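Here the structure comes first, spelled out in structure tokens, and everything after it is commentary.
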Amino acid sequence: KNEVEQSPQNLTAQEGEFITINCSYSVGISALHWLQQHPGGGIVSLFMLSSGKKKHGRLIATINIQEKHSSLHITASHPRDSAVYICAVDTSGTYKYIFGTGTRLKVLA
Amino acid sequence: DTAVSQTPKYLVTQMGNDKSIKCEQNLGHDTMYWYKQDSKKFLKIMFSYNNKELIINETVPNRFSPKSPDKAHLNLHINSLELGDSAVYFCASSAVGEAFFGQGTRLTVV
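First to last, the sequence lines map onto chains A and B. The first sequence: position 33 = 33 (our numbering), numbered continuously. The second sequence: position 85 = 194 (our numbering), numbered continuously.
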């Protein structure tokens, strides 16, 4: 069992839909990242969270440290949001990131 | 300016060769990493350096050797390349509150 689990693994949505991607982890962490990887391959860090909630444009990320759970929300989804979204946890300052298996999102026009 | 830059972006080479991938960051971060992404897109850490010192060395064949000449650079040398080494290798750097990835190097061993 992976120490970082994401759900769903694959998600297809219609343009404009509200999207939620979940991440659960079983290890102690100092921070959690949400990453985006486009089909071209490059990885972009969207958020780094250690508590609460962050918002950037149409993207919202939340984390509940007690429940060891984080969610990434996309409001008013658009085809350009189509990518793989990866959750990664920083295990308590050990400089070791553990990655989830990713959620492949496809937004249809 | 690119925050974390890797070269080359693509690398095709024959089995048995020795190759290097270079990584540079201009962010002043203390910590740099090498990750391998397999065909299923799963990312796995290989090495981590903090201030030029090796912090993490996961179970990786000793044909892989990282070298950090200074805090801004972390290069990956691979000796005696094998078919199974074909993957995308990502360099990253981080500091408190942020992390940046390079564009990746797609290594194909033929």
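Virtual Cβ for every residue (Gly too), placed ideally from N, Cα, C. Being a predicted model, the structure only gives us computed values, none of them experimental.
Item: Starting from Leu19(A), follow its DSSP beta bridges and name the residues at the other end.; Value: The identity of residue 19(A) in the sequence shown is Ile, whereas the question assumes Leu. Paired residue(s): Ile74(A).
Item: Quick one: residues in its chain with C-beta nearer than 7 Å to the C-beta of Val107(A), no 5 flanking neighbours on either side, listed in chain order?; Value: Ala13, Glu15, Ser77, His78, Pro79, Asp81 and Ser82
Item: Under DSSP, the beta strand (DSSP E) around Val169(B) begins and ends at which residues?; Value: Careful: Val169(B) lies outside any beta strand (DSSP E) and carries neither H nor E.
Item: Please list, in chain order, all residues of the same chain as Asn159(B) whose beta carbon is under 7 Å from its beta carbon, the five residues on each side excluded.; Value: Asp139 and Thr140
Item: Using 8 Å as the limit for Cβ to Cβ distance, is Leu136(B) near chain A?; Value: no
Item: Which residues mark the beginning and the end of the beta strand (DSSP E) in which Ser203(B) is found?; Value: Ala196 to Ala204
Item: Under 7 Å between beta-carbons, which chain B residues line up against Val84(A)? List them in chain order, please.; Value: Lys150
Item: Decide if the region 194 to 208 of chain B is in contact with the region 112 to 121 of chain B; the criterion is three or more beta carbon pairs, one per stretch, under 8 Å apart.; Value: yes
Item: Quick check on the DSSP output: the beta strand (DSSP E) that includes Arg104(A) runs from which residue to which?; Value: Thr103 to Leu108
Item: In chain order, what residues of the same chain have a beta carbon less than 7 Å from the beta carbon of Pro8(A), not counting five sequence neighbours either side?; Value: Thr103
Item: Under 8 Å: do the region 121 to 132 of chain B and the region 209 to 219 of chain B share three or more Cβ pairs, one atom per stretch?; Value: yes
Item: Would you mind telling me which residues of chain C sit closer than 8 Å to Val197(B), beta carbon to beta carbon, in chain order?; Value: Looking at the structure shown, chain C is missing, and the protein chains on hand are A and B.
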